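Following: one structure in C-alpha coordinates, then a few remarks.
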Amino acid sequence: MGSALTKSGGMENPVVEKPYIIKRGPHRLAAMLHQPELPGPRLVILSHGFTGQKAETGRLFVDMARALAGRGMAALRFDFMGSGDSSGNFTDMTPLTEMADLHAVLDWARRRGYRQIGVLGLSMGGGVAICTVADRPAGDVGALCTWSSVPNFVSWRRDSDPAAVDPENCNRVSRRFFTDRPKVDVPAAYATIVCPKLQIQGDRDLPGFRAGFAKNMRGAIPPKRHVIIAGADHTFSRASHRRRVIRMTADFFARWLR
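The opening position of the sequence shown corresponds to residue 1 in my numbering, with each subsequent residue numbered one higher.
If you want it as C-alpha coordinates, here you go:
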(Lines of atoms letter the chains of each structure in order from A and count residues from 1; the text may use other names and numbers.)
(Lines give C-alpha, C1' and ligand atoms only; values in the text may rest on other atoms or scores of the structure.)
Protein backbone atom coordinates (compact mmCIF):
# COMPACT_ATOMS: atom_id res chain seq x y z
CA MET A 1 0.00 0.00 0.00
CA GLY A 2 1.33 3.43 -0.92
CA SER A 3 0.36 7.04 -0.60
CA ALA A 4 0.63 10.21 -2.62
CA LEU A 5 0.08 13.91 -2.03
CA THR A 6 -2.52 15.61 -4.17
CA LYS A 7 -2.94 19.38 -4.27
CA SER A 8 -6.50 20.64 -3.83
CA GLY A 9 -7.39 24.26 -3.16
CA GLY A 10 -3.76 25.15 -2.51
CA MET A 11 -3.34 22.40 0.11
CA GLU A 12 -1.76 18.96 -0.08
CA ASN A 13 -4.09 16.10 0.79
CA PRO A 14 -2.84 12.57 1.46
CA VAL A 15 -4.18 9.91 -0.91
CA VAL A 16 -3.89 6.23 -0.05
CA GLU A 17 -3.25 3.96 -3.04
CA LYS A 18 -3.90 0.24 -2.58
CA PRO A 19 -3.81 -2.62 -5.12
CA TYR A 20 -6.68 -5.10 -5.41
CA ILE A 21 -7.53 -8.21 -7.40
CA ILE A 22 -11.14 -8.40 -8.60
CA LYS A 23 -12.45 -11.80 -9.64
CA ARG A 24 -14.51 -12.34 -12.80
CA GLY A 25 -15.07 -16.04 -13.38
CA PRO A 26 -11.67 -17.65 -13.92
CA HIS A 27 -10.03 -14.27 -14.45
CA ARG A 28 -8.31 -11.94 -12.02
CA LEU A 29 -8.50 -8.23 -12.81
CA ALA A 30 -5.65 -6.13 -11.40
CA ALA A 31 -6.80 -2.83 -9.93
CA MET A 32 -5.51 0.16 -7.98
CA LEU A 33 -7.78 2.04 -5.58
CA HIS A 34 -7.03 5.70 -4.82
CA GLN A 35 -8.69 6.52 -1.52
CA PRO A 36 -9.06 10.07 -0.15
CA GLU A 37 -8.03 10.87 3.41
CA LEU A 38 -11.66 10.72 4.54
CA PRO A 39 -13.33 7.71 2.84
CA GLY A 40 -16.88 8.22 1.63
CA PRO A 41 -19.58 6.70 -0.58
CA ARG A 42 -18.32 8.15 -3.90
CA LEU A 43 -16.22 6.18 -6.39
CA VAL A 44 -15.21 6.75 -10.02
CA ILE A 45 -14.18 3.70 -12.06
CA LEU A 46 -11.69 4.29 -14.90
CA SER A 47 -12.01 2.17 -18.06
CA HIS A 48 -8.90 2.17 -20.28
CA GLY A 49 -8.67 2.03 -24.07
CA PHE A 50 -7.70 -0.56 -26.68
CA THR A 51 -4.12 -1.84 -26.06
CA GLY A 52 -4.03 0.40 -22.97
CA GLN A 53 -3.79 -0.46 -19.29
CA LYS A 54 -4.80 1.01 -15.95
CA ALA A 55 -2.12 3.76 -15.96
CA GLU A 56 -2.90 4.78 -19.56
CA THR A 57 -0.69 6.81 -21.91
CA GLY A 58 1.73 9.03 -20.03
CA ARG A 59 0.11 7.89 -16.74
CA LEU A 60 -2.99 9.89 -17.65
CA PHE A 61 -5.26 7.70 -15.52
CA VAL A 62 -2.89 7.95 -12.55
CA ASP A 63 -3.09 11.74 -12.64
CA MET A 64 -6.87 11.62 -13.06
CA ALA A 65 -7.35 9.18 -10.17
CA ARG A 66 -5.19 11.26 -7.86
CA ALA A 67 -7.10 14.41 -8.82
CA LEU A 68 -10.40 12.72 -7.99
CA ALA A 69 -9.09 11.49 -4.65
CA GLY A 70 -7.85 14.99 -3.92
CA ARG A 71 -11.44 16.16 -4.40
CA GLY A 72 -12.74 13.62 -1.88
CA MET A 73 -13.80 10.89 -4.33
CA ALA A 74 -12.27 7.43 -4.46
CA ALA A 75 -11.04 6.29 -7.88
CA LEU A 76 -10.40 2.78 -9.17
CA ARG A 77 -8.14 2.05 -12.14
CA PHE A 78 -8.19 -1.52 -13.44
CA ASP A 79 -6.82 -3.65 -16.27
CA PHE A 80 -9.26 -5.43 -18.55
CA MET A 81 -8.75 -9.17 -19.02
CA GLY A 82 -5.64 -9.76 -21.12
CA SER A 83 -4.25 -6.26 -20.54
CA GLY A 84 -1.75 -4.88 -18.06
CA ASP A 85 -1.40 -7.07 -14.97
CA SER A 86 -4.72 -8.91 -15.33
CA SER A 87 -4.97 -12.59 -16.22
CA GLY A 88 -5.92 -13.88 -19.64
CA ASN A 89 -4.68 -13.25 -23.16
CA PHE A 90 -5.17 -10.05 -25.12
CA THR A 91 -6.10 -12.12 -28.18
CA ASP A 92 -9.21 -13.34 -26.32
CA MET A 93 -10.46 -9.82 -25.60
CA THR A 94 -13.68 -8.61 -27.29
CA PRO A 95 -16.15 -5.80 -26.54
CA LEU A 96 -18.33 -8.31 -24.66
CA THR A 97 -15.48 -9.59 -22.47
CA GLU A 98 -14.65 -6.01 -21.53
CA MET A 99 -18.28 -5.33 -20.69
CA ALA A 100 -18.26 -8.42 -18.46
CA ASP A 101 -15.10 -7.11 -16.76
CA LEU A 102 -16.66 -3.70 -16.10
CA HIS A 103 -19.84 -5.31 -14.76
CA ALA A 104 -17.69 -7.31 -12.35
CA VAL A 105 -15.88 -4.18 -11.18
CA LEU A 106 -19.17 -2.32 -10.67
CA ASP A 107 -20.55 -5.26 -8.66
CA TRP A 108 -17.36 -5.27 -6.57
CA ALA A 109 -17.79 -1.56 -5.86
CA ARG A 110 -21.38 -2.07 -4.75
CA ARG A 111 -20.37 -4.89 -2.40
CA ARG A 112 -17.79 -2.60 -0.82
CA GLY A 113 -20.47 -0.06 0.02
CA TYR A 114 -19.95 2.61 -2.63
CA ARG A 115 -23.37 4.13 -3.27
CA GLN A 116 -22.52 7.00 -5.62
CA ILE A 117 -20.59 5.56 -8.55
CA GLY A 118 -19.32 7.28 -11.67
CA VAL A 119 -17.65 5.74 -14.72
CA LEU A 120 -14.95 7.27 -16.91
CA GLY A 121 -14.00 5.58 -20.20
CA LEU A 122 -11.30 6.39 -22.75
CA SER A 123 -11.57 5.46 -26.44
CA MET A 124 -12.73 1.81 -26.68
CA GLY A 125 -13.13 1.95 -22.91
CA GLY A 126 -15.63 4.74 -23.51
CA GLY A 127 -17.74 2.62 -25.83
CA VAL A 128 -17.53 -0.28 -23.37
CA ALA A 129 -18.52 2.05 -20.53
CA ILE A 130 -21.55 3.35 -22.44
CA CYS A 131 -22.84 -0.12 -23.32
CA THR A 132 -22.23 -1.39 -19.78
CA VAL A 133 -23.89 1.55 -18.02
CA ALA A 134 -26.91 1.17 -20.32
CA ASP A 135 -27.04 -2.50 -19.27
CA ARG A 136 -27.12 -1.68 -15.53
CA PRO A 137 -30.29 -1.00 -13.49
CA ALA A 138 -31.48 2.60 -13.64
CA GLY A 139 -29.70 4.72 -11.05
CA ASP A 140 -26.87 2.23 -10.53
CA VAL A 141 -24.36 4.65 -12.10
CA GLY A 142 -24.72 8.30 -11.14
CA ALA A 143 -22.58 9.98 -13.80
CA LEU A 144 -20.77 8.96 -17.00
CA CYS A 145 -17.80 10.72 -18.58
CA THR A 146 -16.14 9.56 -21.78
CA TRP A 147 -12.91 10.74 -23.37
CA SER A 148 -12.50 10.34 -27.15
CA SER A 149 -15.03 7.52 -27.04
CA VAL A 150 -15.44 5.05 -29.87
CA PRO A 151 -18.73 6.31 -31.40
CA ASN A 152 -19.92 2.82 -32.31
CA PHE A 153 -18.71 -0.75 -32.71
CA VAL A 154 -20.71 -1.60 -35.84
CA SER A 155 -18.69 0.49 -38.29
CA TRP A 156 -15.50 0.49 -36.23
CA ARG A 157 -13.34 -2.02 -38.10
CA ARG A 158 -16.42 -3.42 -39.80
CA ASP A 159 -14.30 -5.92 -41.72
CA SER A 160 -11.62 -7.99 -40.07
CA ASP A 161 -8.36 -6.08 -40.31
CA PRO A 162 -5.66 -8.49 -41.56
CA ALA A 163 -3.04 -6.64 -39.49
CA ALA A 164 -5.12 -7.04 -36.34
CA VAL A 165 -5.23 -10.83 -36.64
CA ASP A 166 -1.68 -11.23 -37.96
CA PRO A 167 0.27 -13.45 -35.51
CA GLU A 168 3.30 -11.18 -35.99
CA ASN A 169 1.34 -8.19 -34.63
CA CYS A 170 1.90 -7.83 -30.87
CA ASN A 171 -1.54 -6.17 -30.54
CA ARG A 172 -3.38 -8.80 -32.58
CA VAL A 173 -6.93 -9.81 -31.73
CA SER A 174 -8.96 -12.85 -32.74
CA ARG A 175 -11.50 -12.72 -35.54
CA ARG A 176 -14.16 -13.05 -32.81
CA PHE A 177 -13.27 -9.50 -31.76
CA PHE A 178 -15.13 -8.23 -34.83
CA THR A 179 -18.31 -10.25 -34.19
CA ASP A 180 -18.57 -10.53 -30.38
CA ARG A 181 -20.29 -7.19 -29.76
CA PRO A 182 -23.22 -5.84 -27.71
CA LYS A 183 -26.69 -6.40 -29.13
CA VAL A 184 -27.40 -2.74 -28.36
CA ASP A 185 -24.58 -0.71 -29.92
CA VAL A 186 -23.07 2.52 -28.62
CA PRO A 187 -25.48 5.07 -30.20
CA ALA A 188 -28.63 3.25 -29.08
CA ALA A 189 -27.16 2.52 -25.65
CA TYR A 190 -26.14 6.15 -25.14
CA ALA A 191 -29.69 7.27 -25.97
CA THR A 192 -31.09 5.23 -23.06
CA ILE A 193 -28.75 6.45 -20.31
CA VAL A 194 -30.50 8.87 -17.98
CA CYS A 195 -27.60 9.89 -15.73
CA PRO A 196 -25.56 13.05 -16.51
CA LYS A 197 -23.14 12.55 -19.41
CA LEU A 198 -19.99 14.35 -20.53
CA GLN A 199 -17.96 13.55 -23.65
CA ILE A 200 -14.59 15.29 -24.08
CA GLN A 201 -12.44 14.99 -27.20
CA GLY A 202 -10.04 17.02 -29.26
CA ASP A 203 -10.58 18.43 -32.72
CA ARG A 204 -7.60 16.25 -33.70
CA ASP A 205 -9.22 13.03 -32.48
CA LEU A 206 -9.07 9.88 -34.63
CA PRO A 207 -10.86 10.05 -38.02
CA GLY A 208 -14.63 9.81 -37.65
CA PHE A 209 -14.68 9.89 -33.85
CA ARG A 210 -15.72 13.52 -33.45
CA ALA A 211 -18.48 13.49 -36.08
CA GLY A 212 -19.65 10.05 -34.96
CA PHE A 213 -20.06 11.05 -31.36
CA ALA A 214 -21.77 14.32 -32.29
CA LYS A 215 -24.55 12.15 -33.74
CA ASN A 216 -24.73 10.14 -30.50
CA MET A 217 -25.00 13.32 -28.47
CA ARG A 218 -27.99 14.57 -30.45
CA GLY A 219 -30.03 11.55 -29.39
CA ALA A 220 -28.89 11.59 -25.76
CA ILE A 221 -31.09 12.43 -22.78
CA PRO A 222 -30.14 15.61 -20.84
CA PRO A 223 -28.16 16.52 -18.85
CA LYS A 224 -25.44 16.07 -21.43
CA ARG A 225 -22.42 18.00 -22.67
CA HIS A 226 -20.02 17.55 -25.59
CA VAL A 227 -16.73 19.43 -25.24
CA ILE A 228 -14.27 19.80 -28.12
CA ILE A 229 -10.76 20.95 -27.18
CA ALA A 230 -8.93 22.84 -29.91
CA GLY A 231 -5.64 21.22 -30.88
CA ALA A 232 -6.07 18.17 -28.65
CA ASP A 233 -5.35 14.66 -29.91
CA HIS A 234 -6.93 11.32 -29.03
CA THR A 235 -5.18 10.91 -25.66
CA PHE A 236 -4.61 14.59 -24.75
CA SER A 237 -0.85 14.25 -24.95
CA ARG A 238 -0.10 17.96 -24.44
CA ALA A 239 0.25 18.95 -20.79
CA SER A 240 -2.08 21.94 -21.10
CA HIS A 241 -4.81 19.79 -22.66
CA ARG A 242 -4.34 17.12 -20.02
CA ARG A 243 -4.68 19.61 -17.16
CA ARG A 244 -7.87 21.02 -18.65
CA VAL A 245 -9.45 17.60 -19.23
CA ILE A 246 -8.59 16.41 -15.72
CA ARG A 247 -9.95 19.57 -14.11
CA MET A 248 -13.16 19.47 -16.17
CA THR A 249 -13.71 15.78 -15.40
CA ALA A 250 -13.11 16.19 -11.66
CA ASP A 251 -15.56 19.12 -11.61
CA PHE A 252 -18.15 17.01 -13.46
CA PHE A 253 -18.02 14.11 -11.01
CA ALA A 254 -17.87 16.41 -7.96
CA ARG A 255 -21.08 18.08 -9.18
CA TRP A 256 -23.10 14.99 -9.97
CA LEU A 257 -21.93 12.41 -7.42
CA ARG A 258 -23.50 13.68 -4.22
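Backbone N, C-alpha and C define an ideal beta-carbon position, used for all residues, glycine too.
Bear in mind the structure is a predicted one, so any value in this text is a computation, not a measurement.
Listed as beta-bridge partners of R204 by DSSP are D233.
Around the CB of K18, fewer than 16 other CB atoms lie within 10 Å, so the residue is classed as exposed.
In this structure, S174 lies away from F213, with their beta-carbon atoms at least 7 Å apart. Of the candidates I22, G49, M93, the residue whose Cα lies closest to the Cα of T235 is G49. Contact check between the region 85-101 and the region 60-70: fewer than three CB pairs, one atom from each, fall below 8 Å, which does not count as touching.
Every beta strand (DSSP E) of 3 residues or more that sits fully in the region 25-106 is shown, in chain order, as 27-36, 42-47, 74-78. The three-state secondary structure of Y114, taken from DSSP, is coil. Residue environment: E98 is assigned as buried (16 or more neighbouring CB atoms within 10 Å of its CB, all protein chains considered). In the structure shown, the three-state DSSP call for C131 is helix.
It is roughly 37 Å from the alpha-carbon of D203 to the alpha-carbon of H27. Counting only residues of its own chain and dropping the five nearest sequence neighbours on each side, L257 has a CB closer than 7 Å to the CB of R42, M73, Q116, G118, G142, A143. By the criterion of a C-beta distance shorter than 6 Å, W147 is surrounded in its chain by L122, I200, once the five residues flanking it on both sides are discounted. In this structure, DSSP gives I21 an extended state, which the three-state scheme calls strand. If you look at A143, you'll find it in the beta strand (DSSP E) that goes 143-147.
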